[in-house]
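To convert, take the position in the sequence shown, counting from 1, and add 457; that gives this note's numbering.
What follows is a single structure, written as structure tokens, with notes after it.
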Amino acid sequence: MAAQKINVGVIGFGMSSKTFHCPLIVSSPHLVLHSIVSSNDSCTKVYPQAKHVATTADLFASKDVQLVVITTPNELHFPLAKQAMEAGKNVVVEKPFTVTSQEAAELVEISKRTGLVCSIYQNRRWDGDLLTAKKIIENGQLGRLVEFESHFDRFRNFVKAGWREQDVPGSGMLYDLGAHLIDQALHLFGKPYSVYGVVENQRQLKDSSIDDDFTIIFRYKTGLKVLLRSSMLARQTPVLRFSLRGMDGSYIKHYLDPQEDQLKSGQTPKNAGFGVEPESQWGTINTEVNGIHVVGKVETLSGKYLDFYNNVAETILKGDLSHLAVKPEQGYDTIRMIEVIRQSSDEGGKTIVL
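This is the structure we're talking about:
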């Protein structure tokens, strides 16, 4: 398997493609950045080894490409993923998977029927802070977990140019940052038994009608409460990332995983120290372990975004869809949860039992 390489075609050369996908693809020992679909050939100046392709039809017709990565506006995810798989291509779709659960369900069925990989770029499962929180939970270091609070906040009191802040299908914070927080919660704890959501447009700017704030509560039959929070008007520094409370203690974490900023600065997983968080940003724990009161810093595990793409490649090479880390069924679950959260919010913050 180590000697085999998979040719990758990327659709789009915007922020997501430039910052995340292309740098990770060229860092993987299993992948080759073969083609980029873009409106111009500027992509070849950054990646001269890649071919500039004018249209998605040309990419899907290429016999040399085995994996297609879709980094377009959200409403194009479904039709392009469907066309790619119908053309015999494995697919990675930037999050959110689709705009509706009906679309997501159709892609799940196509993947099952064709045996092709259809994965969603839920890279934040490999954030160092989430990996650390997961380890603390698995090791039982807080005792029985009763509350898991997760934030992904920003401060932007103006409208940023681009489709993400326009009133188009799949825009807004719930589909953007919410897709990450929801996926992380489902990954850690599975489906809740009840859902509460309030989704708002707090800025109420004349040139923006998207949601820019949400509060989500998942409840589980174990007594666990999961609170997911995001706001575009969070100016405090540092922003809260995680707050975990258990019967024996608590864990608090501020600051976001460093990998996105490292990628934006031109670093890749090939650079020493990639994904490593400085000690000044580590979380703190206050708990009891085997009768001993423990208070102090918890070294954040290294983030590993490259593991996402290596997993996709290994799944293709093995021909075993059960090996896939982010499955299309999980993508469906996240989009369906977004729909339930919107329903809860539209009905005045009504708790919906699943």
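Glycine included, C-beta positions come from ideal geometry on N, C-alpha and C.
Give me, in chain order, the residues of the same chain whose beta-carbon lies closer than 6 Å to that of residue i; leave out the 5 immediate sequence neighbours on both sides.
i           : result
residue 644 : 582
Measure the CB-CB distance between residue i and residue j and report whether it falls below 9 Å.
i           : j           : result
residue 477 : residue 605 : no
residue 466 : residue 487 : no
residue 579 : residue 776 : no
residue 468 : residue 529 : yes
residue 563 : residue 527 : no
residue 774 : residue 481 : no
residue 483 : residue 464 : no
residue 768 : residue 778 : no
residue 554 : residue 636 : yes
residue 565 : residue 771 : no
According to DSSP, simplified to helix, strand and coil, what is residue i?
i           : result
residue 534 : helix
residue 571 : helix
residue 485 : coil
residue 811 : coil
residue 617 : coil
residue 777 : coil
residue 673 : strand
residue 632 : helix
residue 423 : Beyond the ends of the chain as shown, which are 458 and 811, falls residue 423; an answer cannot be given.
residue 604 : strand
residue 591 : helix
residue 577 : strand
residue 767 : helix
Report all residues from its chain with a CB closer than 7 Å to the CB of residue i; omit the five preceding and five following residues, and keep chain order.
i           : result
residue 650 : 676, 677, 678, 810, 811
residue 585 : 714, 732, 734, 757, 758, 759, 760
residue 541 : 517, 525, 548
residue 641 : 581, 582, 587, 607
Would you say residue i reaches chain C, if we count a Cβ-Cβ gap shorter than 9 Å as a contact?
i           : result
residue 677 : Judged by its chain identifiers, the structure shown contains no chain C, having just a single protein chain.
Considering only DSSP beta bridges, list what residue i is partnered with.
i           : result
residue 795 : Its beta-bridge partners do not exist; DSSP assigns none.
residue 564 : The partner list for residue 564 (beta bridge, DSSP) is empty, contrary to what the question assumes.
residue 547 : 524
residue 711 : 697
residue 490 : 465
residue 508 : 492
residue 685 : 607, 673
Counting only the same chain and skipping the five closest in sequence on each side, list residues whose C-beta sits under 8 Å from that of residue i.
i           : result
residue 501 : 493, 507, 508, 509
residue 556 : 531, 532, 534, 535, 626, 627, 632, 792
Is the number of C-beta pairs between the segment 653-665 and the segment 796-807 that are closer than 8 Å three or more?
-> Three or more beta-carbon pairs separated by less than 8 Å link the segment 653-665 to the segment 796-807, which places the two stretches in contact.
Is it a yes or a no for the segment 679-688 touching the segment 708-728, going by three-plus beta-carbon pairs under 8 Å?
-> Taking 8 Å as the limit for Cβ pairs, the verdict is that the segment 708-728 does not touch the segment 679-688.
Do the segment 594-601 and the segment 702-711 touch if we need at least three Cβ pairs shorter than 8 Å?
-> The segment 594-601, when compared against the segment 702-711, does touch it at the 8 Å Cβ threshold.
Is there contact between the segment 661-672 and the segment 629-637, where contact requires at least three CB pairs shorter than 8 Å?
-> Two segments are said to touch when three or more pairs of C-beta atoms, one from each, lie closer than 8 Å; by this definition the segment 661-672 touches the segment 629-637.
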